[in-house]
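Residue numbers (full-length UniProt numbering): 1 to 156.
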């Protein structure tokens with residue numbers, strides 16, 4: 001995974017392609033593009049827009065993108081990495097989080113980059129390290145545990 005992303009990097013996966021992989025939908029789909037992906041890592045992007053519904057309440061006079069959304073975005077990026085090539089009814093399950101740190105607030109009208117790397121696999125559970133950045137600035141980091149299971153939406 002490149003330490004510094006090049007300007008004007010081409011999109012590897014569009015939002016439409018991400019929608020074919022992840023079960024999430026707006027307004028909680030928090031990955032807009034995939035910029036880079038390998039066997040054990042992914043770099044994805046979220047456009048944090050000023051008209052996002054969350055900013056009506058968090059906080060109207062000083063809008064800040066919630067840290068829990070940043071962590072969820074990292075988990076969704078991990079989901080794209082883990083789900084690709086699996087059956088369509090597979091869903092990512094967020095199992096745990098360790099070492100979460102928020103370094104800088106994220107304000108509207110920015111591009112939030114998610115960098116996720118697999119660091120361990122324990123049976124069906126995958127452990128990833130995630131970093132979220134705005135430009136070159138680290139805004140959050142966490143170690144996440146993610147699993148994959150088959151959807152029970154069909155009632156089985």
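Note that CB positions come from ideal geometry on N, CA and C, so glycine has one too. Treat the numbers as computed from the prediction; the structure is a model and nothing was measured.
Counted within 10 angstroms of its Cβ, other Cβ atoms place residue i as buried (16 or more) or exposed
i	result
residue 47	exposed
residue 38	exposed
residue 42	buried
residue 6	Its pLDDT being 46, under 50, residue 6 is placed unreliably by the model, and the measurement read from it follows with that caveat. The residue is exposed, with fewer than 16 neighbouring Cβ atoms inside 10 Å.
residue 28	exposed
residue 98	exposed
residue 115	buried
residue 152	exposed
residue 57	exposed
residue 32	buried
residue 124	exposed
Per-residue DSSP class, three states only, for residue i
i	result
residue 97	strand
residue 115	strand
residue 15	helix
residue 138	strand
residue 147	strand
residue 128	strand
Other residues of its chain near residue i: CB distance less than 6 Å, five sequence neighbours each side excluded
i	result
residue 104	137 and 139
Same chain, Cβ closer than 7 Å to residue i, five either side skipped, listed in chain order
i	result
residue 55	63 and 108
residue 131	115, 138 and 141
Give, in chain order, every unbroken run of the beta strand (DSSP E) that is at least 3 residues long and sits entirely within the segment 29-74. Restricting attention to beta strand (DSSP E) runs no shorter than 3 residues, the segment 29-74 encloses them at 33-37 and 41-48, ordered along the chain.
Is there contact between the segment 73-82 and the segment 141-150, where contact requires at least three CB pairs shorter than 8 Å? Enough Cβ pairs lie closer than 8 Å, so yes.
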